[in-house]
Structure formats: structure tokens, C-alpha cells
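Engineer:
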Amino acid sequence: MATAFSAPKLAAQPFNTISPTSQHKPLISPTAASPFLGSTRKLLRLSSSSQLNLRRRSSGSVFAVSDIVKEKKSTSIPSLLITKEEGLELYEDMVLGRAFEDMCAQMYYRGKMFGFVHLYNGQEAISTGFIKLLKQQDSVVSTYRDHVHALSKGVPARAVMSELFGKTTGCCRGQGGSMHMFSSEHNLIGGFAFIGEGIPVATGAAFSSKYRREVLKEADCDHVTLAFFGDGTCNNGQFFECLNMAALWKLPIVFVVENNLWAIGMSHLRATSDPQIYKKGPAFGMPGVHVDGMDVLKVREVAKEAIARARRGEGPTLVECETYRFRGHSLADPDELRDPTEKAHYAARDPITALKKYLIENNLSGEAELKAIDKKIDELLEDAVEFADESPLPPRSQLLENVFADPKGFGIGPDGRYRCEDPKFTEGTAHV
Amino acid sequence: MAAIFQGVGAAATLSSSPSNSFVPKKFLTSPRRSFCVPSSVVVRSDGSVNFDLNSKSRRAQQLVANATKADSSAASSSSNPGHELLLFEALREGLEEEMERDPCVCVMGEDVGHYGGSYKVTKDLAKKFGDLRVLDTPIAENSFTGMGIGAAMTGLRPVVEGMNMGFLLLAFNQISNNCGMLHYTSGGQFTIPIVIRGPGGVGRQLGAEHSQRLESYFQSIPGIQMVACSTPYNAKGLMKAAIRSENPVILFEHVLLYNLKERIPDEDYICNLEEAEMVRPGEHVTILTYSRMRYHVMQAAKTLVNKGYDPEVIDIRSLKPFDLYTIGNSVKKTHRVLIVEECMRTGGIGASLTAAITENFNDYLDAPIMCLSSQDVPTPYAGTLEEWTVVQPAQIVTAVEQLCQ
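If you're matching them up, the sequences are chains F and W in order. Position one of the first sequence corresponds to residue 1 (full-length UniProt numbering), numbered consecutively onward. Position one of the second sequence corresponds to residue 1 (full-length UniProt numbering), numbered consecutively onward.
Take a look at the structure:
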């Protein structure tokens with residue numbers, strides 16, 4: 001039977017599917033592959049310049065994930081991909097992400113948060129589908145669109161909201177803001193404002209994991225790192241350099257491309273010579289997979305395989321998730337360039353609605369239970385906003401803390417004492 | 001000859017300062033981190049041991065002891081002969097000792113492993129510690145520097161080598177945004193105990209791109225420390241201190257200084273990252289310098305002494321932050337300052353140092369500060385032109401004569 005990830009010609013091993021339950025059908029059937037860049041074929045018709053043949057399959061070394069849900073429904077004995085508990089966990093996480101981002105928009109327009117705020121509406125399936133499979137010690141590295149990654153990884157909504165309000169109770173003491181979510185407790189290593197600069201950091205976290213296993217002899221260290229980034233980043237040098245290094249040293253990392261087809265106002269097709277990003281994996285010696293990023297169950301199945309692969313020490317995987325952001329690039333983006341029909345097409349594939357439908361149709365849950373979850377999340381967010389509102393702003397004394405882990409780095413002052421020993425230093429009034 | 005060893009390192013465990021309390025907490029709570037061996041202590045030349053690291057009096061005594069050194073040679077007491085080696089060997093020795101001491105210390109860079117480093121600083125280390133601890137990277141400075149930063153954030157202590165400091169221009173994104181900033185933007189949650197090192201400076205007709213002085217470009221980045229070594233003694237000491245420091249440190253070496261020979265102590269010692277080094281005490285004029293220019297200054301000093309001048313020469317060593325105590329004491333004594341550096345005229349270390357001295361010690365100056373820097377030109381290939389871009393001893397002599405009129 002064909003495997004989910006087939007290795008490129010250079011690296012020999014075929015990928016052996018680990019099926020948690022035996023009634024799993026194989027993940028791919030090459031003939032029923034989902035069409036790539038579904039809605040953007042319309043864009044291609046509108047702009048006649050592109051000659052791209054979307055049906056073209058490359059050398060056979062990568063496959064798209066088939067439409068599992070549809071297949072499942074057609075068998076006589078329904079074999080489900082998730083249990084009820086898992087389904088509710090996924091639903092709650094996605095609703096939390098969506099409701100949080102909607103609350104952010106409200107708060108922004110009410111003047112509670114400032115600067116660049118990038119919302120994740122529409123992409124929840126990727127964050128939930130991947131991160132809910134991780135252990136606490138696994139790491140997640142994100143970009144500026146990181147609120148929902150933080151929430152999925154377990155950072156409390158209160159801490160994230162406070163951070164956005166710039167309060168001292170925020171997860172980064174108010175010093176990071178929307179684009180710099182960090183949590184050492186949950187192993188969320190950013191939050192990066194420049195695209196691409198998080199990918200080497202993620203590669204480093206994966207390197208640490210391998211180092212622990214092989215040099216420090218911590219035999220059970222199988223921590224995996226997930227690096228999330230967008231389609232625009234895939235044209236950046238750091239992306240390619242890290243694909244190379246990760247494959248070279250078989251680092252336990254999964255590169256997750258959240259291809260929402262737009263980099264601010266730049267369409268992916270206008271920026272990329274070959275827009276099929278998953279094909280770039282095999283060029284570096286790792287499997288490349290394309291998955292429908294609006295379907296949390298499909299994403300989850302692909303994620304399971306990729307993460308398991310990394311845990312076993314077989315190296316990295318490049319996963320391209322085709323998704324869409326329902327809002328503009330940021331709250332400052334008027335979002336005038338995107339075609340309304342394209343937006344409508346993806347709005348109809350809202351991941352939360354899709355999961356809800358799946359849960360109800362497969363008798364995993366009912367309207368009442370799901371509504372109760374919605375209400376619970378609303379209350380959670382009210383509490384988070386209230387907490388953030390009531391939290392104190394950072395005092396002046398916080399200004400110079402955390403610049404250095406060892407504050408002797410501020411040097412020796414004219415009086416012979418280290419600057420950090422100066423009482424004015426903690427007041428934040430010292431001149432460094 | 002006084003043998004002064006100074007302990008810094010994980011001083012957080014000994015210091016009672018609240019702002020240091022982050023470090024011990026991380027050691028206790030986070031399972032990811034491996035634990036540093038506690039740092040060394042201050043051993044005085046009379047054998048007494050002092051754990052009080054922040055005492056002003058102790059530092060003053062140490063500076064006085066330094067000032068009595070007649071030359072820049074290492075502190076090796078008569079009871080302990082020490083051993084002789086070249087500067088690049090001293091760097092390697094420091095690195096090797098730290099790697100033995102702490103298994104989390106690792107090296108990454110181009111040709112550091114099997115090749116042993118383009119200037120042999122990591123020679124044979126890969127054979128000893130393995131290919132993962134001394135990692136040969138592909139030619140991707142931005143990414144492997146970022147990788148080092150990510151590894152540092154997750155518990156390792158990488159030493160990233162730029163084959164030539166100039167190549168680190170490609171890593172500027174990672175050094176500025178991540179290395180310098182992430183401790184702050186994460187609210188103190190992640191430390192980045194990385195060392196970024198490599199040879200820079202003007203060599204022998206290496207051409208413009210291989211002759212760059214990056215200290216001026218990096219000096220504005222908040223959150224990093226910069227040090228420049230100039231002798232085998234301080235090379236080893238600074239390398240060890242940098243590795244033990246919880247802050248990101250950039251260690252500047254110089255291409256032309258790798259073959260300097262000196263006798264250094266056998267014992268474990270480190271050099272304080274934030275302190276300047278008194279090279280030659282004097283009365284008439286303070287000459288501040290670092291790296292290779294130290295030797296041009298000392299050469300000029302010989303001429304000046306013959307002419308009846310008594311220059312005080314200080315190797316500032318710490319390019320960021322400046323040791324304003326040592327420098328200030330000198331200015332208060334001599335009232336005249338000459339800065340000799342290899343950096344460019346515009347926006348260089350000398351420019352910042354001039355500003356810092358003017359701000360803090362203006363009342364003590366009898367004359368405007370003179371700053372001799374390299375010309376603002378891309379370093380030419382031709383030998384004669386190259387010679388004229390950097391400061392030569394004759395210029396230093398003239399400057400001192402002018403200053404002391």
C-alpha cells in the first residue's frame with residue numbers, strides 16, 4: 001500500500017505508516033488527490049499570465065492527502081479518526097483561538113492594544129491539529145501571527161491578553177507584545193517579528209534535542225520542535241538554509257507552512273516561481289506533504305506522522321497546509337486586494353463549522369454540549385480581559401531589567417561599582 | 001609578580017543582587033537545562049581566597065597590583081612556571097578546558113571540525129569531542145548563528161565561529177534581533193549564553209571585505225557584550241569568561257595576533273569581561289587602545305619614553321560596556337587622552353569612547369580628546385595604501401607630542 005510520505009530518491013527509506021488503530025485506511029490514494037490551490041485557479045483565470053498546470057504531479061515523490069472524511073463516511077462500519085474526548089478538545093481549542101482573536105479585534109478598536117496585531121482567524125485547524133499532539137517539553141516556534149499558537153500550546157488566555165495590553169502580568173511582562181509571545185514553561189520559543197528569523201531558532205531547538213540524546217546521553221530525549229511560518233517566508237534564504245541543515249543532521253523538527261496564499265498584499269503566485277511549496281522538501285532530502293489546512297482532522301493525521309517521524313530520529317518533514325486568513329494581514333490592513341469570491345470560498349470551509357458538523361454527524365457530540373463549550377470560552381475570555389484590564393502597567397523599575405541575564409553586562413561605572421549595583425538602576429532612572 | 005585570578009562566571013549564585021535571581025531559579029526549576037559547575041574564586045597573590053566578588057576595595061587592590069606590572073606579560077608567579085604558547089593555542093586551550101568542564105559547551109562554524117578551524121583555534125577538538133560537539137556547518141551564517149541562538153535558548157552553550165568576522169554581516173539579523181533582544185522581549189524567560197567569535201581587523205593585504213572591523217557595527221545592539229583579546233593571557237581568560245557568562249558575548253580576535261607567544265599560568269583563571277587592562281602605568285597621557293593597536297601603541301611608547309614622555313597605556317578590552325572606572329581613574333591622573341583604534345573614524349569605538357569620556361570626565365581634561373582611527377576607506381589591497389589606512393606608531397608619537405604641548 002502506498003505510504004503517506006514517500007522519501008525522495010536520494011534518501012532511501014520508505015515511510016512506514018504507524019496506524020494507531022488498525023481500521024485506518026491508508027492516508028493517500030494518489031488518484032483521489034485533492035486539487036492544489038483550489039480557489040486560486042480562479043485567480044489564474046483572471047490573470048492570464050500564469051501557465052501553471054495545477055494537475056501536474058511531480059516525480060512521484062510527494063503526495064497530497066486524500067479526502068479522509070468523505071471516504072470514512074462511505075464505509076459501512078464508520079471508523080472514526082478521533083474519540084469524543086479528542087473531538088471536544090479540538091473543538092474547544094479552535095473555538096478558543098477564534099474567540100480570542102475576535103476579542104483582540106474588539107479590544108484593539110477600543111484602544112486597549114496597539115501596534116501591529118496579526119489575527120489568525122481561519123487558520124485554527126493548523127494550530128490545533130499540530131500543537132494538540134505535542135508534549136509539554138516539545139517546542140513551538142511561531143511568527144508574528146502567534147496568539148493562537150501560544151493558546152494551543154497551553155499559555156493561559158489571561159497571560160496572552162495581558163501581554164497584548166502591555167501589562168506586567170503578561171507572559172513576557174509586557175515587554176514583547178503581540179509579535180513576541182514566549183513561554184519557557186510551555187516551551188513556546190517565540191513570536192518573531194521578521195519573517196524567517198524564527199526558523200533557525202527552531203532548528204537550534206531541534207539541535208538541542210538531538211544533542212541531548214547523542215552527546216549528553218539522555219536516551220529518552222525525543223523532544224520535537226515545530227516551526228510555523230507562512231508562504232512568504234518560503235522565498236526567504238533562512239527557510240532554505242534551515243531545510244538543508246535539518247535534513248543534513250536529521251534534526252527532530254517539522255516545518256509547517258501555513259500557506260494562506262497572501263503575504264500582506266502579495267499573492268503567493270506573484271511571488272513564487274514554483275508555488276507548490278511542498279515540493280521543496282525532497283529537493284533537500286526530506287518528505288514534502290501537502291494537506292488541506294481547513295480540515296483539522298486531515299491536518300492532525302499528517303501531523304501525527306510527521307511528529308512521530310521526528311521522534312523516531314528519522315529527521316524533518318515539510319508540511320504545507322493550504323489555508324486562509326479570514327481577516328486582513330493585520331488590523332491595520334484594509335484587505336482590498338483579495339477577491340470576495342475567494343474569501344467566500346474559504347469562509348464556506350470554516351474549520352470550526354466543519355468539525356462541528358463532523359462531531360454531530362458522527363454522534364460524538366450534540367449541539368447543546370458544543371454550545372456549552374462556546375459559552376465556557378466566552379466566559380474565559382471575559383475573565384481574561386478583566387484580568388488584563390485590572391493588571392498593573394509595568395513600573396519604571398522594570399525598564400532595565402532583563403536586558404542582560406547577568407546585569408554585570410551594563411559595566412562598571414566611574415565610581416568603580418557595577419552599574420547594576422546603583423540604586424537608581426532598579427528605579428529605571430539610571431543612565432546606562 | 002602578582003598572580004591575580006578573578007572569578008566571575010555564575011556569580012549569580014553568590015551574588016545577592018535581586019536582578020541576578022533569575023539564573024538560580026532557572027537552574028532549579030527547568031529540567032531542560034544542564035547545570036554549570038560553580039565558577040572559580042578570586043585567589044590573591046598572597047594565597048588568600050576571597051569570595052566577595054563585588055567589593056570595590058578588592059577591585060582597587062587588583063588594579064593597583066596590575067599597575068605595578070612593568071609589561072604586558074602574563075601573571076605567573078615564581079612558584080609556578082606556567083607554559084608558553086601562541087595566542088591561537090591559548091584560545092584553543094580555553095575552549096577545550098570549558099568543553100571538558102561543561103558538556104553543554106559546543107562549537108559550531110565553518111570548517112571548525114575536521115579542518116580544525118581556518119586559524120586552527122579548534123584544531124583536534126572534533127577528534128576529541130565528536131562531530132556533533134564541534135559542528136561543521138554549511139555556509140549559511142545567518143542560519144547557523146540563529147541555530148546557535150536557538151540551542152542557547154534551550155540549554156546549550158554554543159560557541160559560534162565566524163570564519164572571518166566580516167562574514168557575520170550575514171548574520172546581522174540573528175545577532176541584532178535574536179541574540180541581543182530575546183532575553184528582553186521574552187521578559188527574561190530565556191537566556192542566550194552564546195559566544196560569537198572570530199578574527200577580524202586589517203591583515204596583510206587581505207582586501208577590503210576580509211579586513212573589516214565589525215565592533216563598530218555591533219556596538220549599538222542592546223543586550224550583548226563585546227570584548228577584544230590582544231594577548232595569549234587575556235585571550236584564554238576572555239574566552240573562558242565569555243563561555244561562562246549568561247549573556248551573549250562577541251569576542252573579537254585579530255588575524256595578525258594569532259601567532260603571538262607568551263607564557264601563561266597553568267592554573268585555571270579567567271579575565272573579567274567588563275574590565276580594562278592596565279598595560280603600562282604612566283603620568284603624562286592616557287592612551288586607550290584595544291586589539292592590534294595595542295602593539296602599535298607600545299612600539300610608540302618606546303619612542304616616547306626615549307623622548308622623555310611617560311604614557312599610561314590601557315587596553316580597554318571590553319568594547320561594550322566600557323570600563324569607566326579604570327579609564328576614569330587614568331583620566332583623573334593624566335588629564336590628557338589619546339584613543340588609538342583600528343576602527344573607522346566614523347561611528348567607531350573611539351567615537352563612542354570619546355563621547356563617554358567627555359560626558360563623565362570633562363572637568364578632568366586639560367585638552368580635547370584625540371582619537372586616532374583608521375581612515376574611512378575600504379581597505380585597499382596595495383601594501384602601501386593599506387599601511388596608510390591604519391594608525392602607525394609614528395602617528396601615535398606625533399599625536400602624543402601634540403597633546404602634551
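In this text, a Cβ means the ideal position worked out from N, Cα and C, and glycines have one as well.
(1) Tell me whether the beta-carbon of CYS371 (chain W) lies closer than 8 Å to the beta-carbon of TYR309 (chain W).
(2) One question on the structure: do THR323 (chain F) and GLU258 (chain F) come within less than 8 Å of each other, judged by their Cβ atoms?
(3) For HIS268 (chain F), count the other beta carbons within 10 Å of its own beta carbon; 16 or more makes it buried, fewer makes it exposed. Which is it?
(4) Assign GLN219 (chain W) to one of three DSSP states: helix, strand, or coil.
(5) Assign GLY207 (chain W) to one of two classes, buried (16 or more other C-beta atoms within 10 Å of its C-beta) or exposed (fewer than that).
(6) Hey, does PHE88 (chain W) have any beta-carbon neighbour from chain F nearer than 8 Å?
(7) My understanding is that VAL319 (chain F) touches VAL256 (chain F), with C-beta atoms under 8 Å, so please give their C-beta distance in whole angstroms.
(8) Quick one, are the C-beta atoms of PHE100 (chain F) and LEU151 (chain F) less than 8 Å apart?
(9) Is LEU114 (chain W) buried or exposed, if buried means 16 or more other CB atoms sit within 10 Å of its CB?
(10) Please tell me whether LEU331 (chain F) and ALA193 (chain F) are closer than 8 Å, where the distance is taken between their beta carbons.
(11) So which residues on chain F does CYS106 (chain W) lean against when the C-beta distance must stay under 8 Å?
(12) Alpha carbon to alpha carbon, how far is MET245 (chain F) from PHE322 (chain W)?
(13) Just to confirm, is the Cβ distance from ILE287 (chain W) to LEU338 (chain W) under 8 Å?
(14) Looking only at its chain, what residues have a beta carbon closer than 7 Å to the beta carbon of THR203 (chain F), apart from the 5 residues adjacent to it on each side?
(15) For MET226 (chain W), which of helix, strand or coil comes out of DSSP?
(16) Over the uninterrupted alpha helix (DSSP H) stretch that includes PHE100 (chain F), give me the two end residues.
(17) To the nearest angstrom, how far is it from the Cα of SER208 (chain F) to the Cα of ASN362 (chain F)?
(18) Tell me the DSSP secondary structure of MET108 (chain W) in three-state form.
(19) Do the segment 181-188 of chain W and the segment 342-356 of chain W meet, that is, are 3 or more Cβ pairs less than 8 Å apart?
(20) Report the CB separation of GLN175 (chain F) from SER143 (chain W) in whole angstroms; it is logged as a contact under 8 Å.
(21) Which residue wins for smallest C-alpha separation from ALA205 (chain F), given the options F:PRO282, F:ALA219, F:GLY190 and F:GLU367?
(22) When the Cα of LYS280 (chain F) is compared with those of F:GLU305, F:LEU188, F:GLU390 and F:ASP231, which residue comes out closest?
(23) What does THR286 (chain W) reach in chain F if we use C-beta pairs closer than 7 Å?
(24) Fully enclosed by the segment 224-298 of chain W, which alpha helix (DSSP H) runs are 4 residues long or longer?
(25) Taking MET161 (chain F) as the query, report the chain W residues whose CB atoms sit under 8 Å from its CB, ordered along the chain.
(26) When DSSP builds the beta bridges, which residues end up paired with MET344 (chain W)?
(27) Considering only the beta carbon of each residue, do LEU251 (chain W) and CYS229 (chain W) sit closer than 8 Å?
(28) With GLY148 (chain W) and PRO158 (chain W) assumed to form a contact (beta carbons below 8 Å), what rounded beta-carbon distance in angstroms separates them?
(29) Just to confirm, is the Cβ distance from ILE199 (chain F) to ALA227 (chain F) under 8 Å?
(30) At a CB distance below 9 Å, what residues from the segment 123-153 of chain F approach chain W? Give them in sequence order.
(31) Just reading off the alpha helix (DSSP H) that HIS268 (chain F) is part of, what are its end residues?
(32) In angstroms with no decimal places, state the Cα-to-Cα distance between ALA263 (chain F) and ARG213 (chain F).
(33) Relative to the alpha-carbon of GLY170 (chain F), which residue among F:LEU355, F:TYR278, F:GLY313 and F:VAL385 has its alpha-carbon at the smallest distance?
(34) In its own chain, which residues sit with a C-beta less than 8 Å from the C-beta of GLY196 (chain F), not counting the 5 before and 5 after it?
(35) With 8 Å as the threshold, decide whether the Cβ of PRO340 (chain F) is near any Cβ in chain W.
(36) Taking one C-beta from the segment 242-257 of chain W and one from the segment 289-296 of chain W each time, how about it: are there three or more such pairs within less than 8 Å?
Structural biologist: Looking at the atomic coordinates:
(1) no
(2) yes
(3) buried
(4) coil
(5) exposed
(6) no
(7) 5 Å
(8) yes
(9) Checking the sequence shown, residue 114 (chain W) turns out to be His, not Leu. It counts as exposed.
(10) no
(11) TYR211 and VAL215
(12) 38 Å
(13) yes
(14) CYS242, MET245, ALA246, LEU251 and ILE253
(15) strand
(16) 84-109
(17) 42 Å
(18) strand
(19) no
(20) Contact flag wrong, Cβ pair sits at about 26 Å.
(21) F:GLY190
(22) F:ASP231
(23) The premise fails here: THR286 (chain W) is roughly 14 Å from chain F at the closest Cβ pair, so nothing lies under 7 Å.
(24) 232-244
(25) Simply none; closest approach about 15 Å.
(26) W:SER374
(27) yes
(28) 4 Å
(29) yes
(30) GLN137, SER139 and VAL141
(31) 268-271
(32) 38 Å
(33) F:VAL385
(34) PHE229, THR233, ASN236, GLY237, GLN238 and PHE239
(35) no
(36) yes
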